[in-house]
Amino acid sequence: MKKRSRAPSPFGIAALDLFASALGAFILIAVVIFPMIGEVVPDIPAPPAPTIMAVPTPDSVVCPVCPTCPVVAAVTKPIDCPVCPTCPVPEPVPETICPEVAVPDPVECPICPPVPAPVICPEPAPAPIQVNAPHFRFPHLDIIIALDITNSMGGRVASLKAEVEQLAVLLNRISPSFGIGMVAFGDRRWESPLFLFPLRELSGPAANRAAFRTFVNGLSVGMGTGRGTNPDQPEAFYDALAAASRMTWRPRSERRVIVMVTDNPAYSEEIDRSVQVATGIGRPEGHRVSTVYVKTGSGNQPATEEFLRSVAEAGNGQYVRDVGGSLTVNLLLSLF
Numbered sequence: 002m003k004k005r006s007r008a009p010s011p012f013g014i015a016a017l018d019l020f021a022s023a024l025g026a027f028i029l030i031a032v033v034i035f036p037m038i039g040e041v042v043p044d045i046p047a048p049p050a051p052t053i054m055a056v057p058t059p060d061s062v063v064c065p066v067c068p069t070c071p072v073v074a075a076v077t078k079p080i081d082c083p084v085c086p087t088c089p090v091p092e093p094v095p096e097t098i099c100p101e102v103a104v105p106d107p108v109e110c111p112i113c114p115p116v117p118a119p120v121i122c123p124e125p126a127p128a129p130i131q132v133n134a135p136h137f138r139f140p141h142l143d144i145i146i147a148l149d150i151t152n153s154m155g156g157r158v159a160s161l162k163a164e165v166e167q168l169a170v171l172l173n174r175i176s177p178s179f180g181i182g183m184v185a186f187g188d189r190r191w192e193s194p195l196f197l198f199p200l201r202e203l204s205g206p207a208a209n210r211a212a213f214r215t216f217v218n219g220l221s222v223g224m225g226t227g228r229g230t231n232p233d234q235p236e237a238f239y240d241a242l243a244a245a246s247r248m249t250w251r252p253r254s255e256r257r258v259i260v261m262v263t264d265n266p267a268y269s270e271e272i273d274r275s276v277q278v279a280t281g282i283g284r285p286e287g288h289r290v291s292t293v294y295v296k297t298g299s300g301n302q303p304a305t306e307e308f309l310r311s312v313a314e315a316g317n318g319q320y321v322r323d324v325g326g327s328l329t330v331n332l333l334l335s336l337f
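Throughout, the numbering used here is defined as the position within the sequence shown, counted from one, plus 1.
Here you go:
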């Protein structure tokens, strides 16, 4: 019996050999490549960033070409780069020179020692200024105090009593010798408008100082009124100034001052005469008439100030406004 012929099959022996070969090649490739999967690929180094040149300072110079060049010390003369011969020569760094000190003979700078490195010279300290304050002191001094003792001046009378010792001590310190006289005055309508203490030297004899203290302690406002009256505001200013001008100065006194202390002016008909008397007193060298205005609230204040200022100007003295009630301070201000 004759066998039937069969058609060729894709799954024959030859096809199986082909598949087996392909599978083997795949397994071989997998064995070689798979172990490499998951490994970190090293980064490719980035190109170097451009070098930023450092600005040379007085202490260091950076090589302008090669960044690997070490820092070299700043110098005043050009030098070659110690690493790369192709480096251009750096610019010299200017060196600070000490200013020349003006002296008779040339000498080296006394402040900056000679060193190779650049230095900045400190400015020489200025020489200390010596201030010799003049020792203030009055010459031989005579002062006559003309004090208003009307009722409105009770505070200044009390002040003089409290400060009489201080006044003597202070005058003794600012003058080699001093004398004091006093005129206590009120109104010309009083029975006794004036009380006088003749000028005496108080810087030496203790008896004179005790006598002046007794006179001051015996003062009181309105003490000379008696049976008189005081209905008006002007005071016996002219009489007091005239009485002070007739006192005898000490022969050795060089500064002679009359100080009028009041809160009211002279009588209207005596204003011009008061200014004339002050002019005559203040004419000689070292003679003065000063005024102290005590503001008590009575009378015409602008008129009083104007009158007292004119008397002080005529007498070449000082016009002083009362400074807080201390009669000693007012008297000292009137002496200049």
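Backbone N, C-alpha and C define an ideal beta-carbon position, used for all residues, glycine too.
Asked                                                                                                     : Found
Euclidean distance between Cα positions of residue 323 and residue 164                                    : 16 Å
DSSP bridge partner residues for residue 141 (one or two, in chain order)                                 : DSSP output for residue 141 lists no bridge partner at all.
Burial state of residue 175 (16 or more Cβ within 10 Å)                                                   : exposed
N-terminal and C-terminal residue of the beta strand (DSSP E) that residue 319 is part of                 : 317-322
Three-state class that DSSP yields for residue 95 in the structure shown                                  : Because the pLDDT of residue 95 is 49, which lies under 50, any placement of that residue in the model is unreliable, and the number read from its coordinates should be weighed accordingly. Residue 95: coil per DSSP, three-state reduction.
Rounded separation between residue 317 and residue 266 - CA only                                          : 19 Å
For residue 2, three-class secondary structure by DSSP                                                    : The pLDDT assigned to residue 2 is 49, lower than 50, so where the model puts this residue is not dependable; a value taken from the coordinates is nonetheless given after this. Residue 2: coil per DSSP, three-state reduction.
Cα-Cα separation, residue 199 to residue 249                                                              : 8 Å
Status (buried if at least 16 other CB within 10 Å, exposed otherwise) for residue 208                    : exposed
Sequence-distant residues of its chain with Cβ nearer than 6 Å to residue 148 (five each side left out)   : 185 and 262
Cβ separation of residue 257 and residue 287, assumed to be a contact under 8 Å, to the nearest whole Å   : 6 Å
Identity of the residue in 168, 150, 284 and 274 nearest residue 222 by Cα                                : 150
Residue(s) in a DSSP beta bridge with residue 147                                                         : 184 and 261
Within 8 Å, strictly: CB atoms of residue 237 and residue 194                                             : yes
Residue 255 - containing alpha helix (DSSP H), residue span                                               : From DSSP, residue 255 is part of no alpha helix (DSSP H); its letter is neither H nor E.
Counted within 10 angstroms of its Cβ, other Cβ atoms place residue 235 as buried (16 or more) or exposed : buried
Rounded separation between residue 98 and residue 334 - CA only                                           : Bear in mind that a pLDDT of 46 at residue 98, under 50, signals an unreliable position, so the number given afterwards is only what the model happens to contain. Approximately 57 Å, taken between the alpha carbons.
DSSP three-state assignment for residue 303, whether helix, strand or coil                                : helix
Opening and closing residue of the alpha helix (DSSP H) in which residue 165 lies                         : 155-175
CA nearest to the CA of residue 182, picked from 145, 264, 204 and 203                                    : 145
Check whether residue 160 and residue 326 have beta carbons under 8 Å apart                               : yes
Endpoints, the beta strand (DSSP E) within which residue 294 is located                                   : 288-294
N-terminal and C-terminal residue of the alpha helix (DSSP H) that residue 213 is part of                 : 207-218
Supposed close pair residue 190, residue 215 - CB separation, criterion 8 Å                               : Going by Cβ atoms, the distance from residue 190 to residue 215 rounds to 28 Å, so no, they are not a contact pair.
Residue nearest to residue 155 in terms of C-alpha spacing, selected from 251, 218 and 277                : 218
Residues sharing a beta bridge with residue 197, DSSP                                                     : 184
Cβ-based neighbour list, residue 100, same chain, cut-off 6 Å, excluding 5 preceding and 5 following      : With a pLDDT of only 48 at residue 100, under 50, the local geometry of the prediction cannot be trusted, and the value read off the model is given with reservation. Nothing meets the Cβ criterion.
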